[in-house]
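Asks: Chains as they are written, first to last, in numbering that gives the first Met the number 0: chain A, 0 to 134; chain B, 0 to 134.
Even for Gly, the Cβ is constructed at its ideal location relative to N, Cα and C.
Number of protein chains: 2
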Amino acid sequence: MTRGAPVTWTIAQIADDFGVTHRTVRHYEDLGLISPERRGTARIYRRRDRTRLALILRGRRIGFTLDEIRTIIDMYDAPRGQVAQLEYLLSQIGDRRADLEARRRDLDDALAELDSLEARCRDDLDKLDATASVG
Amino acid sequence: MTRGAPVTWTIAQIADDFGVTHRTVRHYEDLGLISPERRGTARIYRRRDRTRLALILRGRRIGFTLDEIRTIIDMYDAPRGQVAQLEYLLSQIGDRRADLEARRRDLDDALAELDSLEARCRDDLDKLDATASVG
DNA sequence: AGTTTCCTTTACGTTTACGTCAACGTCAAG
DNA sequence: CTTGACGTTGACGTAAACGTAAAGGAAACT
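#1: List, from N- to C-terminal side, the alpha helix (DSSP H) runs of 4 residues or more that fit wholly inside the segment 3-47 of chain B.
#2: How is G93(B) classed by DSSP in three states: helix, strand or coil?
#3: Going by C-alpha to C-alpha distance, which of G80(B), A11(B), Y44(B), T130(B) sits closest to Q81(A)?
#4: Go to T70(B), then tell me how far its alpha helix (DSSP H) extends in each direction, as first and last residue.
#5: Buried or exposed, going by whether 16 or more other CB atoms sit within 10 Å of the CB of G58(A)?
#6: So for R51(B), helix, strand or coil by DSSP?
#7: Quick check on the burial criterion: 16 or more other C-beta atoms within 10 angstroms. Buried or exposed for P35(A)?
#8: Note down, in chain order, all residues in the segment 97-129 of chain A with a beta-carbon under 9 Å from any beta-carbon belonging to chain B.
#9: Between G18(B) and chain A, is the shortest Cβ-Cβ distance under 8 Å, so that the two count as touching?
#10: Looking at C-alpha atoms only, which residue of T9(A), F63(A), D15(A), E67(A) is the closest neighbour of T40(A)?
#11: How long is the line joining the alpha carbons of Y75(B) and D122(B), rounded to whole angstroms?
#12: Work out the CA separation of T7(B) and R22(A) for me, nearest whole Å.
#13: What residues of chain B sit near R47(A), judged by a beta carbon separation below 9 Å?
#14: Would you report the Cα separation of T70(A) and L116(B), rounded to the nearest angstrom?
#15: Straight-line CA distance for R46(B) to P5(B)?
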């Protein structure tokens with residue numbers, strides 16, 4: 000008998016799985032970022048909802064607002080079909096990429112500065128060490 | 000007569016230079032992120048203040064809160080001298096680096112997904128093109 | 001002297017992203 | 001059948017990061 004991973008989850012389960020509160024999950028639903036099915040009044044979440052939640056949380060970690068995240072998500076499941084649609088989507092992708100790359104440059108700059116700060120620290124430590132040994 | 004860049008700036012000048020409002024600059028001062036000198040009641044900003052403002056704005060772009068930014072800035076001009084201080088600072092640097100690297104992973108993941116989305120788009124466009132030519 | 005321009009502080013308003021009750025439905029266990 | 005765990009919908013509260021309006025000081029044209 001095969002008993003794989005569940006196919007549906009409750010709000011408490013996914014909140015727990017993703018390390019957020021159920022309030023947060025419902026908030027994202029209020030903003031239209033997730034739309035789980037309903038069994039009666041209760042929400043039931045499927046794999047697709049988990050994927051979107053993962054997207055949302057990653058966007059949040061990167062520093063996007065929930066509104067920006069919505070436009071990104073919308074981008075991912077925009078109706079692709081006509082040439083005009085596709086070309087619009089491609090331009091959107093270009094914008095997003097430029098944004099992300101700018102952020103990455105900032106990030107790398109910050110990391111480089113951290114490195115040089117660390118180097119100075121180790122230098123200072125070495126000097127203190129030498130002094131201690133000699134004196 | 001040499002007329003290089005100014006040595007001091009008013010709040011309006013640096014706000015303009017950095018593309019923020021004077022209200023924002025004063026807000027950062029309220030939070031202790033910048034502390035310009037005073038000439039009477041007026042604020043005068045020097046190069047050091049500009050450096051800090053640049054740090055703050057970059058941190059903001061990366062997605063740090065102003066509180067997190069404060070701890071980072073404090074890190075940069077912490078009193079280095081004793082071994083204990085230096086070692087504490089090194090541990091702080093380690094934490095920050097881990098944080099930044101996690102963010103970069105998220106960023107790279109997002110960029111990779113954008114790439115694959117773009118590839119699918121171009122693929123769809125090619126197919127539509129072929130259909131148009133043949134049909 | 002009067003007006004403009006730039007600066008100041010004080011203080012309340014706003015948006016985002018939730019937290020936190022309150023009040024109620026529902027389903028399984030005891 | 002009640003208790004308890006888990007779910008629901010409002011609705012108000014809050015912290016962060018400013019915006020904005022009010023009221024005024026001080027230098028600098030005119």
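Replies: With the structure as the only source:
#1: Listed in chain order, they are 10-17, 21-29.
#2: Assigned with DSSP and collapsed to three states, G93(B) falls in helix.
#3: Taking each of G80(B), A11(B), Y44(B), T130(B) in turn and checking the Cα distance to Q81(A), the smallest one comes out for T130(B).
#4: Run containing T70(B): 65-75, per the alpha helix (DSSP H) assignment.
#5: Buried.
#6: Note: R51(B) maps to helix in three-state DSSP.
#7: Under this definition P35(A) is a buried residue.
#8: If the cut-off is 9 Å between Cβ atoms, the segment 97-129 of chain A has L99, E100, A101, R102, R103, D105, L106, D107, D108, A109, L110, E112, L113, D114, L116, E117, R119, C120, R121, D123, L124, L127, D128 near chain B.
#9: No, because no Cβ of chain A sits closer than 8 Å to the Cβ of G18(B).
#10: Nearest to T40(A) by C-alpha distance, out of T9(A), F63(A), D15(A), E67(A), is T9(A).
#11: Near 48 Å, if we compare the C-alpha coordinates of D122(B) and Y75(B).
#12: If you draw a straight line from the Cα of R22(A) to the Cα of T7(B), it comes to about 49 Å.
#13: Listed along chain B, no residue sits closer than 9 Å to R47(A) by beta-carbon distance, the nearest being about 16 Å off.
#14: One Cα belongs to T70(A), the other to L116(B), and the distance between them is close to 15 Å.
#15: Looking at the two C-alpha atoms, the distance is approximately 9 Å.
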